[in-house]
Ligand SMILES: Cc1cc2nc3c(=O)[nH]c(=O)nc-3n(C[C@H](O)[C@H](O)[C@H](O)COP(=O)(O)OP(=O)(O)OC[C@H]3O[C@@H](n4cnc5c(N)ncnc54)[C@H](O)[C@@H]3O)c2cc1C
Ligand SMILES: Cc1cc2nc3c(=O)[nH]c(=O)nc-3n(C[C@H](O)[C@H](O)[C@H](O)COP(=O)(O)OP(=O)(O)OC[C@H]3O[C@@H](n4cnc5c(N)ncnc54)[C@H](O)[C@@H]3O)c2cc1C
Ligand SMILES: Cc1cc2nc3c(=O)[nH]c(=O)nc-3n(C[C@H](O)[C@H](O)[C@H](O)COP(=O)(O)O)c2cc1C
Ligand SMILES: Cc1cc2nc3c(=O)[nH]c(=O)nc-3n(C[C@H](O)[C@H](O)[C@H](O)COP(=O)(O)O)c2cc1C
Ligand code: FES
Ligand code: FES
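Residue numbers (the working numbering), protein chains in the order written: chain A, 554 to 803; chain B, 554 to 803; chain C, 4 to 310; chain D, 4 to 310.
What follows is the structure, given as structure tokens:
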């Protein structure tokens with residue numbers, strides 16, 4: 554079932570602005586792939602109206618975790634959701650990060666809450682991924698302990714220098730010695746994604762980015778989540794959220 | 554303060570469709586009078602939008618209780634409100650039941666959830682009130698034990714005969730030997746209130762009824778809660794909810 | 004229990020339809036809804052040639068509603084007939100195609116082609132507020148609308164012709180009457196209401212298109228009023244929509260005079276809304292011992308004003 | 004920090020006003036709001052003679068909104084001048100009186116009397132959808148509206164003349180232009196949107212009046228669009244309203260072009276909405292280092308469509 558009820562197991566803060574939500578589907582649902590997302594219904598009234606999209610962070614036998622940042626109306630209400638509450642969920646939705654060929658070294662680049670989208674990928678890549686991870690400051694570096702155990706290399710930057718290299722993730726990337734064996738997987742704020750894409754195109758690197766756009770249906774019906782690509786408008790919820798770096802028209 | 558935040562202490566079912574809510578105002582608020590009501594805000598979004606009016610059931614040193622029936626959207630969400638939740642409340646609002654003169658015996662007539670409006674009055678009348686109380690069935694007779702300790706006489710009817718006299722409260726009233734010492738206080742469904750009023754007018758009895766009307770502001774500003782009286786439209790939230798039986802135009 | 008309703012010569016097995024643009028081409032919802040159970044599927048607005056639509060952001064949420072300025076992104080007539088139509092034909096439901104042109108001639112060509120392809124119904128979208136040229140001119144003026152409908156009428160011989168009305172007018176009874184007089188078999192309403200959202204952080208409109216169309220529960224009371232007004236004015240069936248989220252809403256529209264209802268934004272919140280609504284209607288009829296859905300249509304009781 | 008704005012010759016100490024009909028005669032809210040802090044208080048619509056209003060139910064809730072069909076219950080001009088005006092005069096805020104007539108002559112008599120009483124502003128309510136005769140005819144046709152405003156203009160010499168526009172029109176720019184040309188000092192918008200609710204249990208309209216006016220957050224996106232359209236069209240100030248619940252909403256209306264904002268339905272949900280909104284605006288200005296509120300008015304940034 555792609556539309557199901559789920560019970561909240563845990564909904565706890567992991568930083569001032571970030572929460573970790575664990576829920577157990579109350580029906581059989583497909584196994585999610587890295588990069589896919591769920592649409593989560595919030596509250597029992599018509600306000601907020603639309604479900605909110607969140608990436609799969611991890612999947613265990615009976616439960617799914619997502620990591621979310623408090624942004625606006627929906628996530629502010631979401632953080633009040635108590636253990637035991639039953640929610641409506643759709644998913645897993647969208648395409649997924651293509652698994653790298655043997656010859657490639659996956660180079661994951663995550664900015665801020667973008668880590669939520671690539672964490673599951675890092676896990677699936679079983680210690681093969683190199684991760685560049687940037688955040689505003691030490692306290693916004695999320696899931697660090699778990700992450701360390703999953704990756705080959707972890708490089709960190711913070712805007713305020715409170716941890717790792719001081720600077721943006723683009724600074725970190727510029728310093729990193731990329732080569733054509735590196736296959737990029739990037740998720741983060743729009744500006745960062747764009748800079749990573751330009752970097753990749755310039756250096757002739759291949760790779761994928763995960764995009765965000767306002768969504769209504771989440772299943773390709775409303776045409777609301779379009780982004781411009783070389784092949785015309787594509788739907789983030791259907792042809793995405795993962796796109797080939799070279800296809801996006803900025 | 555007439556508009557204050559309050560913390561929920563308890564919110565428990567007392568029948569299949571009725572709940573008892575106890576809250577503690579987090580600011581100093583005026584002492585309520587019998588017949589007055591509070592407007593209670595539900596949820597943290599704009600749906601439901603308006604506050605809902607509920608009669609004061611009882612008041613203790615630090616907390617206020619209301620008794621409510623699950624009716625529609627608002628009360629359905631209300632029953633999910635957890636202990637510890639902070640709510641927005643306005644009140645006490647409206648006028649109150651006039652206290653009877655020495656020569657009068659207060660005759661309280663409550664139909665269904667109408668008991669919520671007159672319970673506090675019965676308490677204040679310290680054992681002087683005679684109460685006629687009607688409900689659909691035994692399980693919808695609320696607050697019975699507490700009520701018994703507060704009144705001089707308690708007569709009960711149920712529609713299905715599962716407790717007390719079988720029949721409506723009007724049947725009960727017709728059987729009861731009224732005299733001109735009785736001063737009526739009635740609250741309940743519209744049809745019942747009207748029947749009680751007609752009964753009183755016919756028998757030349759004096760008395761008061763508490764009316765309900767959809768409300769927006771609760772403080773006399775919107776003119777939304779008008780009911781027709783001999784003196785033109787009057788506001789249930791301001792000139793009411795308690796009206797003299799002889800003033801209402803049905 | 005009889006749930007059948009008639010829209011012109013079209014017999015729907017029940018009054019629950021989908022609203023154009025909210026149900027893709029049917030396929031997208033086939034995982035969630037048994038399409039065979041629906042009264043009709045109304046597909047996304049089709050134009051003569053493919054349209055790429057508006058730049059993003061195209062949608063945003065508003066209190067109890069949403070804005071959209073999709074700009075009618077669609078595959079165009081040819082591809083629709085070839086790729087989309089065959090899929091939906093597999094199901095035992097009626098197919099209604101929503102069309103949009105920027106000239107009378109475009110509408111006529113679209114309608115003829117679809118009539119020839121024997122789609123069950125053609126819904127003229129003359130009310131889309133989200134494209135710069137086109138539709139909009141036809142809905143603001145009832146005479147222009149009448150002329151358009153007359154022309155299209157002549158080229159539609161098999162399909163049921165429905166005119167979808169815009170709520171962005173002073174008096175919706177006027178275009179409704181114009182459509183009826185020009186030969187429409189039914190009117191459907193409401194389309195979205197032109198609206199706007201502003202992002203205080205960026206100081207920009209949220210939608211790249213600046214304005215968009217408001218839909219969802221927020222517009223329900225407006226839609227209900229218009230359905231009531233129109234159904235008391237015209238003698239052709241009215242298809243009601245605008246914020247229908249559940250069976251109760253659907254039944255309210257039918258009481259107000261709608262012969263059938265279309266479910267739009269609700270599909271996004273609950274992808275099986277349409278079938279849930281149908282089930283809810285059945286339960287209501289059973290509980291209230293109503294044997295024929297026609298007993299509900301237009302059954303609103305109005306008090307004597309002097310009571 | 005400068006919060007002052009001008010509506011015609013009227014200087015408001017800040018842009019936060021109340022919306023007519025939602026704030027009584029000011030008194031009702033004096034327990035909750037320091038009336039001295041408000042830019043202006045707009046009182047309930049006044050007619051020449053007292054009006055008793057419509058039979059109940061007069062209001063009901065809808066998704067993120069409410070309907071009202073009060074029917075303009077009010078104390079009438081005489082009693083207003085004698086009993087209500089003196090109270091509100093005690094406060095250091097501007098007083099704007101909303102008026103409603105059923106003929107041009109009634110409007111003129113009301114306006115002259117209030118102008119003589121030196122109220123700060125007179126707001127012509129030409130858009131009330133809830134009374135059978137009266138207001139409604141003036142809002143549907145811009146020429147009729149223009150004539151009304153011209154006539155009233157001649158008898159208003161001291162007060163600022165504001166025309167309140169109805170959203171129930173095809174193109175709100177038309178009546179706005181008509182009001183400007185006829186000499187209005189400002190326009191205010193939006194009034195409520197005609198709408199309806201049905202009670203499935205009783206099968207009746209919820210409101211005894213059948214239809215009512217929709218207000219609250221549900222209408223905000225529509226109001227915002229109209230304020231934006233009108234403020235780009237006329238050169239007189241626009242007072243924006245419709246679903247403003249908090250400072251963010253108010254600032255969005257100002258970005259869209261409103262010189263001042265009026266708070267309506269929000270008063271019912273939080274009786275100190277007006278002062279909370281004012282505080283919120285101050286905080287926003289401080290955080291964003293804006294020294295003069297005029298920097299916000301009409302400050303919406305529009306992307307180049309080709310970007
Ligand atoms: C495929 C995908 C995966 C995502 N994964 C995550 C994740 O794992 N963790 C996380 O914290 N966030 C994630 N986001 C972003 C997340 O969906 C938004 O932060 C969230 O919807 C904001 O809701 P709100 O009501 O708090 O904010 P508001 O700004 O009040 O929301 C208003 C409306 O805009 C939409 N919206 C606002 N920001 C975004 C955004 N960035 N992307 C899409 N819609 C948006 C909301 O869904 C809502 O409809 C993801 C977005 C997408 C598209
Ligand atoms: C002065 C007063 C005192 C009341 N005291 C109590 C009480 O102690 N216990 C109790 O259970 N109920 C009481 N009521 C009725 C209670 O307010 C309604 O049952 C409640 O508002 C229903 O809300 P809802 O959202 O569940 O119902 P819905 O029907 O979904 O509500 C829709 C709208 O109608 C209004 N509404 C619906 N029914 C009523 C009604 N009977 N009276 C007023 N507004 C209504 C709601 O407030 C809301 O605005 C009182 C009403 C008034 C006017
Ligand atoms: C995303 C979206 C796309 C739409 N596309 C169309 C369309 O192509 N043609 C059309 O006539 N109406 C279109 N509509 C309007 C709906 O069919 C419907 O009239 C409107 O949304 C009101 O119903 P609702 O509130 O149930 O959504 C669209 C609405 C939405 C939300
Ligand atoms: C209960 C109520 C009564 C109203 N009475 C009047 C009135 O007398 N005159 C008028 O011009 N507008 C009246 N209005 C309209 C409001 O002034 C305002 O234009 C509208 O409600 C939109 O703003 P809001 O969404 O903030 O409430 C009334 C609105 C409500 C809700
Ligand atoms: S969200 Fe509807 S198509 Fe992507
Ligand atoms: S509820 Fe507003 S006047 Fe009574």
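We put the beta carbon where it would ideally sit given N, CA and C, even for glycine.
Asked: Assigned secondary structure, residue 650 of chain B (DSSP; H/G/I helix, E/B strand, else coil); Found: coil
Asked: Residue-chain proximity (residue 67 of chain C, chain A), Cβ-Cβ < 8 Å; Found: yes
Asked: Proximity test, Cβ basis, 8 Å: residue 25 of chain D and chain C; Found: no
Asked: In chain order, each beta strand (DSSP E) run of at least 3 residues that lies wholly inside the region 50–108 of chain D; Found: 62–65, 68–71 and 97–102
Asked: Cutoff 6 Å; reference residue 723 of chain A; Cβ partners in own chain excluding five residues on either side; Found: 748
Asked: Whole runs of the alpha helix (DSSP H) within the region 673–721 of chain B, excluding any shorter than 4 residues; Found: 697–701
Asked: Residue 548 of chain A Cβ short of 7 Å to ligand 1 heavy atom set; Found: It is not possible to answer for residue 548 of chain A, since the shown part of chain A is limited to 554 through 803.
Asked: Identity of the residues DSSP links to residue 661 of chain A by a beta bridge; Found: A/684 and A/738
Asked: Per-residue burial, residue 304 of chain C [other beta carbons within 10 Å of its own, 16 or more giving buried]; Found: exposed
Asked: Beta-carbon neighbours of residue 270 of chain D, restricted to chain B and to distances below 8 Å; Found: 770 and 774
Asked: CA nearest to the CA of residue 663 of chain A, picked from A/617, A/599, A/792 and A/682; Found: A/682
Asked: heavy atom of ligand 4 below 7 Å from residue 277 of chain C C-beta; Found: no
Asked: Any non-hydrogen atom of ligand 7 within 7 Å of residue 624 of chain B CB; Found: Although ligand 7 was asked about, the structure shown includes only ligand 1, ligand 2, ligand 3, ligand 4, ligand 5 and ligand 6 as ligands.
Asked: Proximity of residue 168 of chain C and residue 94 of chain C at Cβ, strictly below 8 Å; Found: no
Asked: Pair within 8 Å by beta-carbon distance, residue 123 of chain C and residue 84 of chain C; Found: no
Asked: Assigned exposure category for residue 216 of chain C - 16 Cβ within 10 Å defines buried; Found: buried
Asked: Collapsed DSSP secondary structure at residue 176 of chain C in the structure displayed; Found: helix
Asked: Interfacial residues, the region 611–634 of chain A to chain B, with Cβ spacing under 7 Å; Found: 630
Asked: Endpoints, beta strand (DSSP E) assigned at residue 190 of chain C; Found: 189–192
Asked: Reduced DSSP category for residue 605 of chain A - H, G, I as helix; E, B as strand; rest coil; Found: strand
Asked: Neighbour flag for residue 19 of chain C against chain D, beta carbons, 8 Å; Found: no
Asked: Bridge-paired residues (DSSP) for residue 762 of chain A; Found: A/739 and A/796
Asked: Range covered by the beta strand (DSSP E) that runs through residue 10 of chain C; Found: 8–10
Asked: Inter-stretch contact at 8 Å, needing at least 3 Cβ pairs: the region 693–703 of chain A / the region 762–773 of chain A; Found: no
Asked: Per-residue DSSP class, three states only, for residue 671 of chain B; Found: helix
Asked: Cβ of residue 34 of chain D within 8 Å of any chain B Cβ; Found: yes
Asked: Proximity test, Cβ basis, 8 Å: residue 193 of chain C and chain D; Found: no
Asked: DSSP-derived helix/strand/coil call for residue 206 of chain C; Found: coil
Asked: Cβ distance (whole Å) where residue 667 of chain A is taken to contact residue 740 of chain A below 8 Å; Found: 4 Å
Asked: Residue 202 of chain C versus residue 255 of chain D: straight-line alpha-carbon distance, rounded; Found: 7 Å
Asked: Helix, strand or coil at residue 564 of chain A according to DSSP, with G and I counted as helix; Found: strand
Asked: Residue from C/210, C/232, C/227 and C/234 whose Cα sits closest to the Cα of residue 224 of chain D; Found: C/210
Asked: Residue 637 of chain B versus residue 646 of chain B - alpha carbon distance; Found: 24 Å
Asked: is_contact[residue 225 of chain D, chain B] using C-beta, thresh 8 Å; Found: no
Asked: Cβ of residue 585 of chain A within 8 Å of any chain C Cβ; Found: no
Asked: Supposed close pair residue 44 of chain C, residue 26 of chain C - CB separation, criterion 8 Å; Found: 6 Å
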